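Here this note's numbering is used: the first residue of the sequence shown is 83, the next is one more, and so on. All residues carry an ideal CB built from backbone N, CA and C; glycine is no exception. In this text the structure is predicted, and so the values were computed from the model without any measurement. So the structure is just underneath, and the comments pick up after that.
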Amino acid sequence: MRDYLPIFIIPVLASCTTIQSAKSVEVSEVISADLARADGSWAGVATISQRSDGAFLSLTAEVPAAGTYGMHLHAVGKCEAPDFTSAGPHWNPNMKQHGRDNPMGAHDGDLPNVEAAADRKVTLEYKLADFMLSGPSGLLYADGGALVIHEKADDYKTDPSGNSGKRILCGVFKSGNRG
Ligand SMILES: [Cu+2]
Ligand SMILES: [Zn+2]
C-alpha cells in the first residue's frame, strides 16, 4: 500500500496550489472618480485598483452619442466645467510626447480610445503599465489627477493630445480605501 501513496498525493497538492494562487491577488488601494458632463450632471465612474498583479482601470460611463472617444489621465485633480481645462495636460511624469504610436511617446496618462454603440455606454477594463499612485511619479502626487474623455478619437500620435478635441467628461481621482 505504501508504494501507491505518491499517486494520491500529487493531485491533492496540485489543487491546493490552484486555490492559493487565486487567493494571492490582493488589492492594496482603490481610488475612484465620478465623471461629470459640462453641465455638471453625473455621467459615470472610473476606478483604479492597485493590486498585487498590477494596476487596473475600470470605467463605466455614458457618452453623448455612438462613436469613438479619446481618453486620458490628466495631471491635475480639478474638473471645472464647462471646458475642464483645469485638469491640465496629460499625466506625464516621465516627460515623453503624446501617443503610443509616437516614437517619442507615450505619456503615462495615455489610454486607449473607448467606443460606444447606440446605447451610448462605454465600459473598459485596462491594465495600466508601470503605474504609481503615490510618490513624486505617482498620479496622486501634489494635486491629484483626473480622468478625461474627449469629443473625438485620439489618433495616438499627435502631440500633445492626439487631436481628440474638447474635453466632455471629467472626474477627479482621490484616495479611497487605503491599506
Ligand atoms: Cu485628455
Ligand atoms: Zn498624451
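Alpha carbon of residue i to alpha carbon of residue j, nearest angstrom
i       : j       : result
Ala-43  : Asn-195 : The shown model of the chain, from 83 to 261, leaves out residue 43, and the question about it has no answer.
Asp-237 : Leu-215 : 27 Å
Asn-176 : Ala-198 : 31 Å
Leu-229 : Gly-247 : 15 Å
Ser-257 : Thr-167 : 22 Å
Leu-193 : Pro-171 : 14 Å
Lys-234 : Gly-152 : 6 Å
Thr-142 : Gly-220 : 23 Å
His-156 : Val-109 : 24 Å
Ile-91  : Val-107 : Confidence is the limiting factor: at Ile-91 the pLDDT is only 45, short of 50, which leaves the residue's position unreliable, though a coordinate-based value still follows. Ile-91 and Val-107: Cα-Cα distance of roughly 26 Å.
Thr-240 : Ala-169 : 19 Å
Lys-209 : Asp-201 : 25 Å
Asp-212 : Lys-178 : 14 Å
Ser-243 : Gln-132 : 26 Å
Trp-173 : Val-145 : 22 Å
Neighbourhood of residue i by C-beta, 8 Å cutoff - its chain only, sequence neighbours within 5 removed
i       : result
Asp-121 : Ala-163 and Pro-164
Terminal residues of the beta strand (DSSP E) in which residue i lies
i       : result
His-172 : Looking at the DSSP string, His-172 is not in any beta strand (DSSP E), and its letter there is neither H nor E.
Cys-161 : Note, Cys-161: premise wrong, no beta strand (DSSP E); not H, not E.
Val-107 : First-last for Val-107: undefined, no H or E at that position.
Gln-132 : 124 to 133
Val-254 : 249 to 255
Beta-bridge pairing of residue i - partner residues as DSSP gives them
i       : result
Tyr-151 : Val-196
Thr-205 : Thr-142
His-156 : His-172 and Ala-228
Gly-191 : DSSP output for Gly-191 lists no bridge partner at all.
Gly-136 : Arg-133
Ser-114 : Thr-129 and Lys-256
Leu-221 : None, per the DSSP bridge assignment.
Arg-182 : Note: Arg-182 sits in no beta bridge, so no partner.
Residues near residue i in its chain [Cβ-Cβ closer than 7 Å; skip 5 each side]
i       : result
Arg-182 : Ala-188, Asp-192 and Tyr-238
Asp-135 : Val-107
Distance cut-off 8 Å: residue i Cβ against heavy atoms of ligand 2
i       : result
Asp-237 : no
Ser-265 : Because the chain is modelled from 83 through 261, residue 265 falls outside the range shown and cannot be assessed.
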